[in-house]
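**Student:** Residue numbers (my numbering): 311 to 537. Yeah, the Cβ is synthetic: ideal placement off N, Cα and C, and Gly gets one too. Okay, handing you the structure first.
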Amino acid sequence: MGRTARERLARLLDDAEVPGAFSAQILAPADALQVEVNGVGAVRTPVGGPLAKKLIAVGRPAKFGRAEQTLTDASVRDTWEITPDLVTLDGPAWEATLGAVLDGVRDELGLPPTTTLRAELHAMLVYGKGQFFLPHQDSEKDDAMVGTLVVSLPSAHTGGELVVEHGGESVTYRMSKEELSFVAFYADCRHQVKPVKSGYRVTLTFNLLAEGEACGEPGRSPTWRTA
Numbered sequence: 311m312g313r314t315a316r317e318r319l320a321r322l323l324d325d326a327e328v329p330g331a332f333s334a335q336i337l338a339p340a341d342a343l344q345v346e347v348n349g350v351g352a353v354r355t356p357v358g359g360p361l362a363k364k365l366i367a368v369g370r371p372a373k374f375g376r377a378e379q380t381l382t383d384a385s386v387r388d389t390w391e392i393t394p395d396l397v398t399l400d401g402p403a404w405e406a407t408l409g410a411v412l413d414g415v416r417d418e419l420g421l422p423p424t425t426t427l428r429a430e431l432h433a434m435l436v437y438g439k440g441q442f443f444l445p446h447q448d449s450e451k452d453d454a455m456v457g458t459l460v461v462s463l464p465s466a467h468t469g470g471e472l473v474v475e476h477g478g479e480s481v482t483y484r485m486s487k488e489e490l491s492f493v494a495f496y497a498d499c500r501h502q503v504k505p506v507k508s509g510y511r512v513t514l515t516f517n518l519l520a521e522g523e524a525c526g527e528p529g530r531s532p533t534w535r536t537a
C-alpha cells in the first residue's frame with residue numbers, strides 16, 4: 311500500500327513524527343487579494359448574485375475522481391468550476407499575505423520550521439443554493455502534495471460549511487462575510503461541503519506542496535489571526 315501524505319512527509323523530514331492539528335483556519339483582510347477571471351473581469355467582494363452568475367457562465371460542472379475515473383455527477387458533487395488558466399490572482403499584499411498564511415499553516419499543522427509550503431491554484435468554485443459536495447478525500451495530484459488549501463472569498467451566503475474529518479474527529483468551518491478565509495488540511499482527511507442555503511459560496515482551491523528545506527524568513531511575524 312502507498313504511504314499517506316503525512317507518512318511521506320515524515321520520511322522526507324527524517325522520519326520525524328508530524329504532530330499538530332489535521333486542519334487549520336486563518337483569516338486575512340479581503341483587500342489583500344485581487345481576483346480577475348477571463349470573461350468576467352474583477353471579482354469584487356463580498357460576492358453577490360449578479361457577479362456569481364457571471365462566474366457561473368464561464369464555468370463548467372465540477373468533476374471529481376473515483377479510482378482511475380474522472381466523473382461528473384451532480385448527486386455527488388454539485389458545483390461550478392472555473393479552471394485556473396482563466397483566473398489571475400494579484401494585489402500589492404497578496405504574496406506577503408499568502409506567505410504568512412503558509413507559514414501559519416505549517417505551524418498549525420505541526421510541520422517543522424524547515425518545511426517550505428507552496429500553494430498551487432487548482433480551481434475556482436462557485437456554489438449556489440442547494441449545491442454541495444459529499445464526503446470525499448482529495449486525490450494527491452503531485453508527489454510533493456501533502457494537503458489542500460481552500461480560500462473562501464467574502465460573501466453573504468448561508469450554509470455551505472466545510473466539514474473536515476480525520477481519525478474520528480470532525481471540525482466544521484464557516485466562512486467570513488468580510489474577510490478571506492484560508493482553511494488547510496492534510497490530504498488524507500475526508501471532507502465535505504454542506505448544501506448552500508442562500509447566496510453563493512465562492513472559493514479558490516490550492517494544492518499544498520511541501521519541501522523539506524529551510525524557509526527564507528522563519529522568524530517573520532504573521533499579520534493574520536487564527537479562528
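1) In whole angstroms, what is the alpha-carbon distance linking Ala454 and Phe374?
2) Which residues in the same chain as Gln443 place their Cβ atom closer than 7 Å to its Cβ, once the five residues preceding and following it in sequence are excluded?
3) Quick one: residues in its chain with C-beta nearer than 6 Å to the C-beta of Thr412, no 5 flanking neighbours on either side, listed in chain order?
4) Between which residues of its own chain and Glu471 is the CB-CB distance below 6 Å, once the five residues before and five after are set aside?
5) State the start and end residues of the unbroken beta strand (DSSP E) segment that holds Leu444.
6) For Glu475, which residues from the same chain have a beta carbon less than 6 Å from its beta carbon, with the 5 sequence-adjacent residues on both sides left out?
7) Closest to Leu519 by C-alpha separation, out of Asp395, Leu431, Gly401, Asp400, would be which residue?
8) At the level of alpha carbons, what is the spacing between Gly274 and Ser491?
9) What does the alpha-carbon distance come out to for the pair Ser333 and Asp498?
10) Who pairs with Tyr483 in a beta bridge, going by DSSP?
11) Of all the beta strand (DSSP E) runs that stay within the bounds of the stretch 335-422, which reach a length of 3 or more residues?
12) Using DSSP bridges, identify the partner residues of Phe495.
13) Thinking C-alpha only, which one of Asn517, Leu419, Ala384 is nearest Ser449?
14) So, helix, strand or coil for Ala433, using DSSP?
15) Between the beta-carbon of Thr515 and the beta-carbon of Val456, is there less than 8 Å?
16) Spatial neighbours of Asp452 within its chain, please: C-beta separation below 7 Å, excluding the five flanking residues on both sides.
17) Quick check: what's the CA-CA separation for Leu396 versus Ala406?
18) For the beta strand (DSSP E) containing Val424, list its first residue and its last residue.
19) Would Leu435 and Glu489 qualify as a contact pair, given that the criterion is a beta-carbon distance under 8 Å?
**Tutor:** The short version:
1) Answer to the nearest angstrom: the Cα atoms are 20 Å apart.
2) Gln is not the amino acid found at residue 443; the sequence shown has Phe there. Closer than 7 Å at the Cβ level, and outside the excluded window around Phe443, lie Arg387, Thr389, Gln502, Val503.
3) The sequence as given places Leu at residue 412; Thr does not occur at that position. Within the same chain, Leu427 come within 6 Å of Leu412 by CB-CB distance, once the 5 residues on both sides are set aside.
4) Within the same chain, Glu471 has close Cβ partners Thr482, Arg484, Lys504.
5) Per DSSP, the continuous beta strand (DSSP E) segment holding Leu444 begins and ends at 442-447.
6) By the criterion of a C-beta distance shorter than 6 Å, Glu475 is surrounded in its chain by Arg500, once the five residues flanking it on both sides are discounted.
7) Residue Leu431 is the option with its Cα nearest to Leu519.
8) Here the chain covers residues 311 to 537 and nothing more, so residue 274 does not appear.
9) If you take the alpha carbons of Ser333 and Asp498, they lie about 11 Å apart.
10) Bridge partners of Tyr483: Leu472.
11) You should have 344-347, 351-353, 374-376, 379-381, 390-392, 397-400.
12) Ser333, Thr458.
13) Nearest C-alpha to Ser449: Asn517.
14) Secondary structure of Ala433 (DSSP, three-state): strand.
15) Judged by beta-carbon spacing, Val456 lies beyond the 8 Å limit of Thr515, meaning their Cβ atoms are not closer than that value.
16) Only residues of its own chain outside the window of five on either side were considered, and among them Asn517, Leu519 have a CB closer than 7 Å to the CB of Asp452, listed in chain order.
17) So the two alpha carbons sit approximately 23 Å from each other.
18) The sequence given here has Thr at residue 424, not Val. The continuous stretches of beta strand (DSSP E) do not include Thr424, and DSSP gives it neither H nor E.
19) If you check the CB distance, Leu435 and Glu489 do not come in under 8 Å.
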